[in-house]
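Mapping of the sequence shown onto our numbering: residues 381 to 447, in sequence order.
By construction, the Cβ of each residue, glycine as well, lies at the ideal position given by its N, Cα and C atoms.
None of the values given here were measured: they were computed from a predicted structure.
Read through the structure below, which is laid out as structure tokens, and then see the notes.
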Amino acid sequence: MRTVRDARETRTGRGAKTKDEGPDVPGVWSAYGVLLQYLRKRAGLNQQQLGDVIGYSLEQVASVEQG
381 MRTVRDARET RTGRGAKTKD EGPDVPGVWS AYGVLLQYLR KRAGLNQQQL GDVIGYSLEQ
441 VASVEQG
């Protein structure tokens with residue numbers, strides 16, 4: 381019987397990590413949010429404008445920036 385992991389490995393050609401395989405690293409997401417906000421501001425965009433360009437809502441952009 382195939383598992384979700386088997387299907388994932390077949391589809392991607394490699395094993396994808398799931399949450400239960402390692403610790404969650406919130407610091408990485410926080411750093412990504414800080415970087416995203418920095419680059420957005422450097423480009424002269426507000427959250428709504430960035431969201432429009434990438435297909436996210438303002439709330440989604442804000443959530444990512446907040447880590």
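Query                                                                                                                                                                  : Result
If we count the other Cβ atoms within 10 Å of its Cβ and call it buried at 16 or more, is V441 buried or exposed?                                                      : buried
Ignore the nearest five residues each way along the sequence and tell me which others in Q427's own chain have a CB closer than 8 Å to its CB.                         : R420, L438, V441, A442 and E445
State the CB to CB distance for the pair G447 and G424, rounded to an integer number of angstroms; the pair is presumed to be in contact (CB under 8 Å).               : At roughly 23 Å, the Cβ-Cβ gap does not stay under 8 Å, so G447 and G424 are not in contact.
Evaluate L430 with the Cβ neighbour count: other Cβ atoms within 10 Å of its Cβ, from every protein chain shown; 16 or more gives buried, anything less gives exposed. : buried
Kindly indicate the opening and closing residues of the alpha helix (DSSP H) around S437.                                                                              : Segment: none, S437 is in no alpha helix (DSSP H) and carries neither H nor E.
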